[in-house]
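In the numbering used here, the protein residues as written are 54 to 113.
The C-beta atom is built at its ideal place from N, Cα and C for all residues, glycine as well.
Model, not experiment: these values are computed from the prediction.
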């Protein structure tokens, strides 16, 4: 099971990432809580551009 971020409009978990600040640990990327409010992504499916803090967390 994985925790992923999901688009609030269409539910997709695929994003076109803008350069964001994150930490790489053992091949996985993590966002620091204080950096979430400044990072934006664009949904690859519907094109919605939103802040990471507004995305929905889903389990897959």
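Separation of residue j from residue i, as counted between CA atoms
i           : j           : result
residue 109 : residue 87  : 17 Å
residue 83  : residue 77  : 6 Å
residue 93  : residue 113 : 22 Å
residue 111 : residue 72  : 23 Å
Endpoints, beta strand (DSSP E) assigned at residue i
i           : result
residue 93  : 93-96
residue 89  : Counting along the chain, residue 89 falls outside any beta strand (DSSP E), and DSSP gives it neither H nor E.
residue 61  : That residue, residue 61, is in no beta strand (DSSP E); it is neither H nor E in DSSP.
residue 173 : A question about residue 173 goes unanswered here, because the residues of the chain that appear run from 54 up to 113.
residue 77  : 76-78
Cross-strand partners of residue i (DSSP beta bridge)
i          : result
residue 70 : 94
8 Å Cβ cutoff met for residue i and residue j
i          : j          : result
residue 60 : residue 90 : no
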